[in-house]
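Student:
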Amino acid sequence: MTYLAGRGFPVPEVYGADGPDLMLQRLTGPTLLDALRNGAVSVSGGAAVLVDLHDRLHAEPARAATAPAARIVHLDIHPANVLLHHDQAMLIDWRNATEAVPSSIPRSPV
């Protein structure tokens, strides 16, 4: 997250880390899911937010992986993991994130 924040990607700022414990910037605002449910964001607007985050993330080079096509992959981008903090979409819940070639990740059936 620190790496991505330094590159301008919308994630909470990391103030400190000790093993599995993180001290993060406190974000305020609804999740994208809540904004979709209450009509503050349209379905097409919500979809555009998710596509934008996905595309921006996959445009970032991996931090440590050596494969040229490797990228940071979140593996759990959905409306409940996007907070609308001061009208900016911030991607949260990075516990499943890894570095890989995006096209090599098996897709789960919908």
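Numbering-wise (the numbering used here), the sequence shown opens with residue 1325 and increments by one.
Just so you know, even glycine gets a beta-carbon here, dropped at the ideal spot from N, CA and C.
So, using beta-carbon positions, are Pro1403 and Leu1351 closer together than 8 angstroms?
Tutor: For the purposes of this step, residue 1403 is identified with residue 79 of the sequence shown, where counting begins at 1. For the purposes of this step, residue 1351 is identified with residue 27 of the sequence shown, where counting begins at 1. No.
Student: Exposed or buried, what is His1398 when buried is set at 16 or more other beta-carbons lying within 10 Å of its beta-carbon?
Tutor: Stepping through the sequence shown from its first residue, residue 1398 is reached at position 74. Per the 10 Å Cβ criterion, buried.
Student: Can you check which of these residues, Glu1384, Val1367, Pro1430, His1410, is closest to Gly1330 by C-alpha distance?
Tutor: By one-based count along the sequence shown, residue 1330 stands at place 6. The residue with the shortest Cα to Cα distance from Gly1330 is Glu1384.
Student: Quick one: what does DSSP say Gly1340 is sitting in, helix, strand or coil?
Tutor: Taking the first residue of the sequence shown as position 1, residue 1340 is located at position 16. In this structure, Gly1340 counts as strand in the three-state DSSP scheme.
Student: Among the candidates Ile1416, Asn1362, Ala1391, whose CA atom is the shortest distance from the CA of His1378?
Tutor: Counted from its first residue, the sequence shown places residue 1378 at position 54. Cα-wise, what sits closest to His1378 is Ile1416.
Student: Tell me which same chain residues have a C-beta within less than 6 angstroms of the C-beta of Pro1336, skipping the five on either side of it?
Tutor: For this step, residue 1336 is matched to residue 12 along the sequence shown. Closer than 6 angstroms at Cβ, skipping near neighbours: Leu1348, Gln1349, Leu1351.
Student: Taking 8 angstroms as the threshold (C-beta atoms), are Tyr1327 and Arg1380 in contact?
Tutor: Residue 1380 sits at position 56 when you count from the first residue of the sequence shown. Residue 1327 sits at position 3 when you count from the first residue of the sequence shown. Cβ distance not < 8 angstroms, so Arg1380 and Tyr1327 don't count as in contact.
Student: Which first and last residues belong to the beta strand (DSSP E) in which Asp1345 is found?
Tutor: Stepping through the sequence shown from its first residue, residue 1345 is reached at position 21. Taken as a continuous stretch (DSSP letters only), the beta strand (DSSP E) holding Asp1345 covers 1345 to 1348.
Student: Can you list the beta strand (DSSP E) stretches of 3 or more residues lying completely in the segment 1343 to 1390, in chain order?
Tutor: Whole beta strand (DSSP E) segments, 3+ residues: 1345 to 1348.
Student: Specify the secondary structure class of Ala1421 as computed by DSSP and reduced to three states.
Tutor: Translated into the one-based positions of the sequence shown, residue 1421 becomes position 97. If DSSP states are grouped into helix, strand and coil, Ala1421 belongs with coil.
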